[in-house]
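One structure is given here, and the rest of the page talks about it.
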Amino acid sequence: MTTTLDRDVATGRSPAAYIVGWDHLELWVGNARAFAAFLASDFGFDVVAYAGPETGVTDRVSYVLEQDTVRFVVTGALGPASPVARHVRAHGDGARDLALTVSDARGAYYSAVARGAVGVREPWVDEDEHGRIVRARIATYGETRHTFVERAAYDGVFAPGFGDEGLPPRPVGPDVGLRAVDHCVGNVERGDLDRWVGFYRRTMGFDQLVHFGDDQISTDYSALMSTVVWDGSKVVLPLNEPADGRRKSQIQEYLDYYGCAGVQHVALRTDDIVTTVSALRARGVRFLAVPDSYYDDVRRRLGDLDLPWDDIRRLGILVDRDQDGHLLQIFTENVTDRPTVFFEVIQREGAKGFGAGNFKALFEAIEREQARRGNL
Ligand code: FE2
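Heads up: the sequence shown begins at 5 in this note's numbering, then just goes up one per residue.
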């Protein structure tokens, strides 16, 4: 049963004040069955719920996948008129919804709208025998959405309309150990970074964590600017804008293929990146190749850190340090057909940064390799 709620809440608190944490990330894809199977087999997610014609949903199918606190929903269209089909045609497979668990979906929604957010769907309630769930939806960059999810009074598997019967069997493979969404990066159009940072600060009530200028994240060939905003607790959203280099910025390449602003990568946190990346590689995940010269550099820069350097080099893991500690990270190849969306795996040992040192070191290392081949 679905009910629409009237506007009847105070809007003195910012949306951020209602946020509990990440609820889920919903991907709209061309083939949900196959993409869900890919996340299960390669990344070690468990399929925990399904919605489709068998559960009373008529225009789409969705699979819910979980690993510790990370939850993805993968949705595909059942016909050409579906907005999912139109979205996939325009953008390829991509992230549609960065859904946030909130204490009060009506409060978060009306606070956001009062502060200038574009409302996509007013607060609504769904109920079944497991309780009630209140949701509301606003627009953010490109065609991306934030759904506010109030689920304290719901104890079903995901939401009304989802079931847990007839799920695919769990693929065989070593445990991966992904624990949480660390951050989720959006790429916005050139000139739009300030506007979207302003949206998160003024409309959503987020704080700015850090800003990297194009002098900090650039090589001679590719450049970008990045500002990180967060809700002060768990939801960390770096935003990138392309900048001029001698060649096309990797951010511009994303925008050209995606067709507008959108989610570039989702970083997933592990407590033990060597075990996680070993498992992911054994399961078939492909990562960006790191040239040997990167490790010669990084041992010079960070060789005093007590790390399993042989494993790190063998697995292609990157290392960076800031004033608070160090971090280990690795980037997958694109997981979509278009060169748009990828995943990051990150282990933080105190460091609160995002590997800006790696961007420069990695790309300069790649360019050195290119130069050695006479191709630069
Ligand atoms: Fe990242």
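Glycine is no exception: its CB is placed at the ideal position from the N, C-alpha and C atoms.
By the three-class DSSP mapping on this structure, what secondary structure does G34 have? Within the sequence shown, the letter at position 30 stands for residue 34. DSSP places G34 in coil when its eight states are reduced to three.
When a residue counts only if its C-beta is closer than 6 Å to some heavy atom of the ligand FE2, which residues count, in chain order? H187, V189, H269, A271, E348, F358
Which value, in whole angstroms, describes the spacing of the CA atoms of P127 and R342? Sequence index remark: in the sequence shown, residue 127 carries index 123 (1-based). Sequence index remark: in the sequence shown, residue 342 carries index 338 (1-based). Taking the straight line from one Cα to the other gives about 34 Å.
Assuming G359 and L319 make a contact with CB atoms under 8 Å, what is their CB distance in whole Å? Working through the sequence shown from its first residue, we reach residue 359 at position 355. Working through the sequence shown from its first residue, we reach residue 319 at position 315. The Cβ separation is near 16 Å, so there is no contact.
Would L272 and T231 be called neighbours here (beta carbons separated by less than 8 Å)? Working through the sequence shown from its first residue, we reach residue 272 at position 268. Working through the sequence shown from its first residue, we reach residue 231 at position 227. The answer is no: Cβ separation not under 8 Å.
Measuring alpha carbon to alpha carbon, tell me which of V61, T73, G60, V77 ends up nearest L43. Counting from 1 along the sequence shown, the entry for residue 43 is found at position 39. If we check each option's Cα against that of L43, V77 comes out closest.
Any contact of the stretch 14-23 with the stretch 201-221, i.e. 3+ C-beta pairs under 8 Å? yes
Between L182 and V74, which are expected to be in contact by the criterion C-beta below 8 Å, what is the C-beta distance as a whole number of angstroms? Taking the sequence shown and counting its residues from 1, one reaches residue 182 at position 178. Taking the sequence shown and counting its residues from 1, one reaches residue 74 at position 70. Contact holds; Cβ gap of about 6 Å.
Just the Cα atoms here: how many angstroms apart are V52 and A140? Here residue 52 corresponds to residue number 48 of the sequence shown, with the count starting at 1. Here residue 140 corresponds to residue number 136 of the sequence shown, with the count starting at 1. Looking at the two C-alpha atoms, the distance is approximately 23 Å.
Euclidean distance between Cα positions of V233 and R90: Taking the first residue of the sequence shown as 1, we reach residue 233 at position 229. Taking the first residue of the sequence shown as 1, we reach residue 90 at position 86. V233 and R90: Cα-Cα distance of roughly 30 Å.
Which whole-angstrom value is the C-beta distance of D97 and G83, which I expect to be below 8 Å? Numbered from its first residue, the sequence shown carries residue 97 at position 93. Numbered from its first residue, the sequence shown carries residue 83 at position 79. Contact doesn't hold; Cβ gap of about 18 Å is too wide.
Exposed or buried, which one is A85 when buried takes at least 16 other CB atoms within 10 Å? Taking the first residue of the sequence shown as position 1, residue 85 is located at position 81. By the 10 Å Cβ count, A85 comes out exposed.
For the stretch 258-266 against the stretch 167-177, do three or more pairs of beta-carbon atoms, one drawn from each stretch, fall closer than 8 Å, so that the two count as touching? no
Among D46, P57, G60, V153, which has the Cα closest to the Cα of H28? If you number the sequence shown from 1, residue 28 lands on position 24. Among D46, P57, G60, V153, the Cα nearest to that of H28 is on V153.
Rounded to whole angstroms, what's the CA-CA distance from T144 to H150? Just pull it up for me. Walking along the sequence shown from the start, residue 144 turns up at place 140. Walking along the sequence shown from the start, residue 150 turns up at place 146. T144 and H150: Cα-Cα distance of roughly 7 Å.
Candidates F346, L171, R325, D328, of which the one nearest G190 by Cα: As a first step, residue 190 is located in the sequence shown; it is residue number 186 there, counting from the start. Selected option, being the one with the closest Cα: F346.
Taking DSSP's pairing of strands, which residues face W200 in a bridge? Within the sequence shown, residue 200 is the residue found at index 196, counting from 1. Beta-bridge pairing links W200 to no other residue.
Excluding the 5 residues flanking R305 on each side, which residues of the same chain have their C-beta closer than 7 Å to its C-beta? Counting from 1 along the sequence shown, the entry for residue 305 is found at position 301. Here the set comprises nothing.
If we ignore side chains and look at the alpha-carbon of each, how far apart do S226 and R194 end up? Taking the sequence shown and counting its residues from 1, one reaches residue 226 at position 222. Taking the sequence shown and counting its residues from 1, one reaches residue 194 at position 190. Their Cα atoms are separated by approximately 14 Å.
In angstroms with no decimal places, state the Cα-to-Cα distance between V33 and K356. For this step, residue 33 is matched to residue 29 along the sequence shown. For this step, residue 356 is matched to residue 352 along the sequence shown. Cα to Cα, the separation comes out at about 32 Å.
Starting from the N-terminal side, write out each stretch of the beta strand (DSSP E) that is 3 residues or longer and does not extend beyond the stretch 130-166. 135-143, 149-154
DSSP beta-bridge partners of H330: On the sequence shown, position 326 is the one that residue 330 refers to. In the DSSP output, where bridge partners are listed per residue, H330 has R325, G354.
Thinking C-alpha only, which one of S45, K364, A109, N338 is nearest P172? Stepping through the sequence shown from its first residue, residue 172 is reached at position 168. Measuring from the Cα of P172, the nearest candidate turns out to be S45.
Tell me, please, which residues DSSP counts as bridged to I23. Against the sequence shown, residue 23 aligns to sequence position 19. Looking at the DSSP assignment, I23 forms a beta bridge with V106.
Nearest-angstrom Cα distance between E70 and F162? In the sequence shown, counting from the first residue as 1, residue 70 sits at position 66. In the sequence shown, counting from the first residue as 1, residue 162 sits at position 158. Between E70 and F162, the C-alpha separation is close to 11 Å.
Strand pairing of Q212, partner residues [DSSP]: If you number the sequence shown from 1, residue 212 lands on position 208. Answer is V233, bridged to Q212.
Helix, strand or coil for R11? Go by DSSP, reduced to three states. One-based indexing of the sequence shown puts residue 11 at position 7. Confidence at R11 is low in this model, with a pLDDT of 47, below 50, so its placement is unreliable and the value that follows should be read with caution. Three-state result, R11: coil.
Is D299 near R325, with beta carbons less than 8 Å apart? As a first step, residue 299 must be located in the sequence shown, where it is residue number 295. As a first step, residue 325 must be located in the sequence shown, where it is residue number 321. Note that residue 299 is Tyr in the sequence shown here, rather than Asp. Cβ atoms of Y299 and R325: not closer than 8 Å.
Determine the closest residue to F363 out of D308, V302, Q327, E30, with distance taken between C-alpha atoms. Within the sequence shown, numbered from 1, the residue matching residue 363 stands at position 359. Comparing Cα-Cα distances from F363 to each of D308, V302, Q327, E30, the minimum goes to V302.
Got a sec? Which residues, its chain only, sit under 6 Å from A81 by beta carbon, not counting five neighbours each side? Along the sequence shown, read from residue 1 onward, the residue named residue 81 stands at position 77. Around A81: R64, V88, A89.
Look up P127 in the DSSP assignment and say whether it is helix, strand or coil. Taking the sequence shown and counting its residues from 1, the one referred to as residue 127 is at position 123. P127 falls in the strand class under three-state DSSP.
Opening and closing residue of the alpha helix (DSSP H) in which R287 lies: Looking up residue 287 in the sequence shown gives position 283. Counting along the chain, the alpha helix (DSSP H) containing R287 begins and ends at 277-287.
CA nearest to the CA of P242, picked from R251, D248, V92, G266: Sequence index remark: in the sequence shown, residue 242 carries index 238 (1-based). Here the closest residue by C-alpha is G266.
Any idea which residues DSSP pairs G80 with across the strands? Translated into the one-based positions of the sequence shown, residue 80 becomes position 76. G80 is bridged to V65.
Tell me whether L319 sits in a helix, a strand or coil according to DSSP, three-state version. The count along the sequence shown starts at 1 and reaches residue 319 at position 315. Correct three-state label for L319: helix.
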